[in-house]
Amino acid sequence: MEWITLKTFSTESKIYVGDDALASRLPVLTAGQKNFVVTDENVYALYSDFFKEYFQGAEICVIQAGEEYKNFQSLYRILEKMTGAGLHRTSKLFAVGGGVIGDIGGLAAALYMRGISCVQIPTTLLSQVDSSVGGKTAVDVSGVKNVVGAFYQPCEVLVAPTFLKTLPNRELKCGVGEIVKYAALSGKIFDLLEKGIGRLNDLEFLTSLIVACIEHKARVVERDEKEANERRSLNVGHTTGHALELARGWSHGESVLFGMLLETEAAIAAGVCEEAYGNRLVRIVREALRMTPITEADFSSVENDLKAAKSDKKNTGDGKIQMAVAKDKNEWTMWALPFAEYCDAIRNAAKKIVRE
Ligand SMILES: NC(=O)c1ccc[n+]([C@@H]2O[C@H](COP(=O)([O-])OP(=O)(O)OC[C@H]3O[C@@H](n4cnc5c(N)ncnc54)[C@H](O)[C@@H]3O)[C@@H](O)[C@H]2O)c1
Ligand SMILES: [Zn+2]
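With our numbering, the residue at position 314 of the sequence shown is 295, and numbering never jumps.
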């Protein structure tokens, strides 16, 4: 088991990575107070023995699986159950599941009695490399993602890669999208991934990537917890990615990978990203994607597909589209373009990708 410490202004969290993290930390963490577990129906069904072993006597709240349940109704249900279970200030909430459970469970912990301890136990690759670390919690409202939430750091995060054995391939790809994002920001992760790109189904290799990604995120969050500066870098590929996710209904991971591919090509063409490095990054993204190539027709209505980028949270109100893009190894920048120029840049990038 390895561990990483994340210190912010007011808190210190420990993030343990390794399958033994569960057996070594859970008996300690669950002893001596009332415990409350939030999970989803899939995780609960797959891991009933795990819940029996570690959460005897705890109140377990199972919510329906999927982003459409990351809403106020589910949050209200969780808070009602917490109240009904008579939790105190000293009680602990354990969020066991993917990013949806981590986000909504973390928010419930932040709200109940103005904040009780929260332990994150992420079970998807995306939540292990990204969402369980850093304290962003949220629900969606009226279809707007993560619009209501709080920054609330968990006291501990237990990352057990063994959970990934039951994860469907599509969900694995979502996590790979975030790992490639980290590779665009960290030379160390870039080298690891470039060398091992054929081993993305190998749990040992994934574990080394998980540790490296968490280390990177922890350092970024320590320097900029509230996303005023450097934390914005963690949105590489996400401006175009989110727009495509909404317009095309692709998975988040696939959308982010496509977003990175398009934004990196556009940044190379504009001289924002160093060419030799950018081409290596593009190769990694393409390898990670390994999916149906995009066609010219896919981008015939690019303005329409990209219009969601106009309401991206990173935009500053001057009408420009803001993108976090890789500049060179270990270097990134915010790149802003008026919407029409942004569409042209992405369209030209798509044409180049289709030609190759
Ligand atoms: N807080 C943050 O910093 C942050 C960062 C990135 C994403 N997010 C959020 O994370 C969410 C996406 O997370 P996600 O991709 O984990 O989605 P998810 O929580 O919906 O999980 C995906 C699916 O996998 C299932 N699942 C979970 N663990 C499993 C396992 N071990 N085996 C088999 N199936 C399993 C779930 O039931 C679900 O059907 C989004 O809501 C996004 O906004 C938050
Ligand atoms: Zn993402």
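C-beta: ideal position from N, C-alpha, C; glycine also. As the structure is a computational prediction, the values presented were derived from the model and not from experiment.
| task | Report whether the distance from the Cβ of residue 237 to the nearest heavy atom of ligand 2 is below 6 Å. | result | Here the question's residue 237 lines up with position 256 in the sequence shown. Yes, Cβ of residue 237 sits closer than 6 Å to a heavy atom of ligand 2.
| Between the CA atoms of residue 337 and residue 265 - distance to the nearest angstrom | If you number the sequence shown from 1, residue 265 lands on position 284. If you number the sequence shown from 1, residue 337 lands on position 356. Rounded to the nearest angstrom, the two C-alpha atoms are 15 Å apart.
| Under 7 Å between C-beta atoms, does residue 300 make it to chain C? | Of the chains in the structure shown, none is chain C; there is only one protein chain.
| task | Please report how far the alpha carbon of residue 324 lies from the alpha carbon of residue 231, in whole angstroms. | result | Taking the sequence shown and counting its residues from 1, one reaches residue 324 at position 343. Taking the sequence shown and counting its residues from 1, one reaches residue 231 at position 250. Taking the straight line joining both Cα atoms gives about 19 Å.
| CA-CA distance, residue 240 and residue 305? | Position 259 of the sequence shown holds residue 240. Position 324 of the sequence shown holds residue 305. Each residue's Cα considered, the two are about 11 Å apart.
| task | State the start and end residues of the unbroken beta strand (DSSP E) segment that holds residue 36. | result | As a first step, residue 36 is located in the sequence shown; it is residue number 55 there, counting from the start. Neither: residue 36 is in no beta strand (DSSP E) and is coded neither H nor E.
| message | Let's see if you can read the secondary structure: which residues bound the beta strand (DSSP E) around residue 103? | response | Translated into positions along the sequence shown, residue 103 becomes position 122. That run of the beta strand (DSSP E) goes 98 to 103.
| said: Quick check on the burial criterion: 16 or more other C-beta atoms within 10 angstroms. Buried or exposed for residue -10? | reply: By 1-based counting over the sequence shown, the position of residue -10 is 9. Label assigned to residue -10: exposed.
| said: Give me the residue from -14, 256, 289 and 308 with the minimum Cα distance to residue 114. | reply: Residue numbering aside, residue 114 sits at position 133 when the sequence shown is read from its first letter. Checked all of -14, 256, 289 and 308; the closest Cα to residue 114 is -14.
| Residues bridged to residue 119 [DSSP beta-bridge criterion] | Here residue 119 refers to the residue found at position 138 of the sequence shown. 130, per the DSSP bridge assignment.
| query | When the Cα atoms are used, what is the spatial distance from residue 320 to residue 270? | reply | For this step, residue 320 is matched to residue 339 along the sequence shown. For this step, residue 270 is matched to residue 289 along the sequence shown. So the two alpha carbons sit approximately 26 Å from each other.
| query | Should residue 17 and residue 74 be called a contact, given that it needs their Cβ atoms to be closer than 7 Å? | reply | Here residue 17 is taken as the residue at index 36 of the sequence shown, counted from 1. Here residue 74 is taken as the residue at index 93 of the sequence shown, counted from 1. Going by C-beta atoms, residue 17 is nearer than 7 Å to residue 74.
| task | Have a look at the DSSP bridge pairing and note the partners of residue 78. | result | Counting from one through the sequence shown, the residue named residue 78 turns up at place 97. In DSSP, residue 78 forms a bridge with 103.
| Going by alpha carbons, who is nearest to residue 63 out of 94, 45 and 201? | For this step, residue 63 is matched to residue 82 along the sequence shown. The shortest C-alpha separation from residue 63 is found at 94.
| Buried or exposed by the 16-neighbour rule on C-beta atoms within 10 Å, applied to residue 79 | Sequence index remark: in the sequence shown, residue 79 carries index 98 (1-based). Under this definition residue 79 is a buried residue.
| message | Three Cβ pairs or more, each shorter than 8 Å: is that satisfied between the segment 212 to 219 and the segment 181 to 195? | response | no
| To which residues of the same chain is residue 246 closer than 7 Å at the C-beta, ignoring the five residues directly before and after it? | Taking the sequence shown and counting its residues from 1, the one referred to as residue 246 is at position 265. Answer for residue 246: 263, 330, 333 and 334, listed in chain order.
| said: I'd like to know if the segment -12 to 2 and the segment 18 to 30 are in contact, where contact means that at least 3 CB-CB pairs between them fall below 8 Å. | reply: no
| message | Rounded to the nearest angstrom, what separates residue 248 and residue 152 at their Cα positions? | response | The residue given as residue 248 occupies position 267 in the sequence shown. The residue given as residue 152 occupies position 171 in the sequence shown. Distance between the alpha carbons of residue 248 and residue 152: 28 Å.
| query | To the nearest angstrom, how far is it from the Cα of residue 71 to the Cα of residue 98? | reply | Taking the first residue of the sequence shown as 1, we reach residue 71 at position 90. Taking the first residue of the sequence shown as 1, we reach residue 98 at position 117. If you take the alpha carbons of residue 71 and residue 98, they lie about 7 Å apart.
| task | Work out the CA separation of residue 301 and residue 257 for me, nearest whole Å. | result | Taking the sequence shown and counting its residues from 1, one reaches residue 257 at position 276. Taking the sequence shown and counting its residues from 1, one reaches residue 301 at position 320. When rounded, the distance between both Cα atoms is 28 Å.
| message | Let's see if you can read the secondary structure: which residues bound the beta strand (DSSP E) around residue 5? | response | Residue mapping note: residue 5 aligns to position 24 of the sequence shown, counting from 1. Note, residue 5: premise wrong, no beta strand (DSSP E); alpha helix (DSSP H) at 1 to 11.
| query | Is it the case that the CB of residue 105 approaches a heavy atom of ligand 1 more closely than 6 Å? | reply | The residue given as residue 105 occupies position 124 in the sequence shown. Result yes, Cβ under 6 Å from ligand 1.
| Three-way DSSP call (helix, strand, coil) for residue 17 in this model | Mapped onto the sequence shown, residue 17 falls at position 36. Residue state, collapsed to three classes: strand.
| query | Under the DSSP definition of a beta bridge, which residues are partnered with residue 44? | reply | Taking the sequence shown and counting its residues from 1, the one referred to as residue 44 is at position 63. The partner list for residue 44 (beta bridge, DSSP) reads 21.
| request: Please classify residue 163: does DSSP put it in a helix, a strand, or coil? | output: Within the sequence shown, the letter at position 182 stands for residue 163. Note: residue 163 maps to helix in three-state DSSP.
| field | Distance, residue 66 Cα to residue 267 Cα | value | As a position in the sequence shown, residue 267 is number 286, starting the count at 1. As a position in the sequence shown, residue 66 is number 85, starting the count at 1. Approximately 49 Å, taken between the alpha carbons.
| field | Reduced DSSP secondary structure (H/G/I, E/B, other) of residue 111 | value | Taking the first residue of the sequence shown as 1, we reach residue 111 at position 130. Helix at residue 111.
| request: May I ask you to report which of helix, strand or coil DSSP gives residue 72? | output: Counted from its first residue, the sequence shown places residue 72 at position 91. It is coil, neither helix nor strand.
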